[in-house]
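*Asks:* Dropping a structure here in structure tokens format, bear with me for questions.
In this note's numbering, the protein residues as written are 1118 to 1226.
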């Protein structure tokens, strides 16, 4: 995904989260392990969100690989330690297609 398309998908995902009661805490947090697209908060739970965009759902979901999820988890750990946070959290994915947005909560390896 090009950076421009990625930015559009991340903007749509952020708006989706805001409309569903989440607070956006940070975007594009980098560590040596990778990047977290969106860090959000709702009902005392922090959400580390990977945004994937494609023409259809299956294509986007296939891009959430074990390697990508492992990097997301490691980067989430860095964020928690850097900010001295001892909170409930989960790793999510948001799938963005031209017609729809899906929020997959608490994804695991």
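Even glycine gets a Cβ: it sits at the ideal position worked out from N, Cα and C.
Tell me, which residues are paired with residue 1147 by DSSP?
*Replies:* Per DSSP, 1152.
*Asks:* Suppose the cutoff is 6 angstroms on Cβ atoms and the five residues either side in sequence are ignored; what does the same chain contact list for residue 1118 look like?
*Replies:* Because residue 1118 carries a pLDDT of 49, less than 50, the predicted location of this residue cannot be relied on, and the following value inherits that uncertainty. So the list reads 1170, once near-sequence residues are dropped.
*Asks:* Leaving out five residues on either side along the sequence, give the residues of the same chain with a beta carbon under 7 angstroms from the beta carbon of residue 1167.
*Replies:* For residue 1167, where only same-chain residues beyond five positions count, the Cβ hits under 7 angstroms are 1154, 1181, 1185, 1189 and 1210.
*Asks:* Note down the Cα distance separating residue 1183 from residue 1130, rounded to an integer number of angstroms.
*Replies:* The alpha-carbon atoms of residue 1183 and residue 1130 are separated by roughly 22 angstroms.
*Asks:* Does DSSP put residue 1196 in a helix, in a strand, or in coil?
*Replies:* Helix, per DSSP.
*Asks:* Quick one: grab the DSSP three-state call for residue 1118.
*Replies:* Here residue 1118 scores only 49 on pLDDT, less than 50, and its place in the model should not be relied on; the value that follows carries that caveat. It is coil, neither helix nor strand.
*Asks:* Hey, could you find the ends of the alpha helix (DSSP H) residue 1139 is sitting in?
*Replies:* Per DSSP, residue 1139 belongs to no alpha helix (DSSP H) and is neither H nor E.
*Asks:* So residue 1157 packs on residue 1140, CB below 8 angstroms; how close in whole Å?
*Replies:* That pair is a contact at about 6 angstroms.
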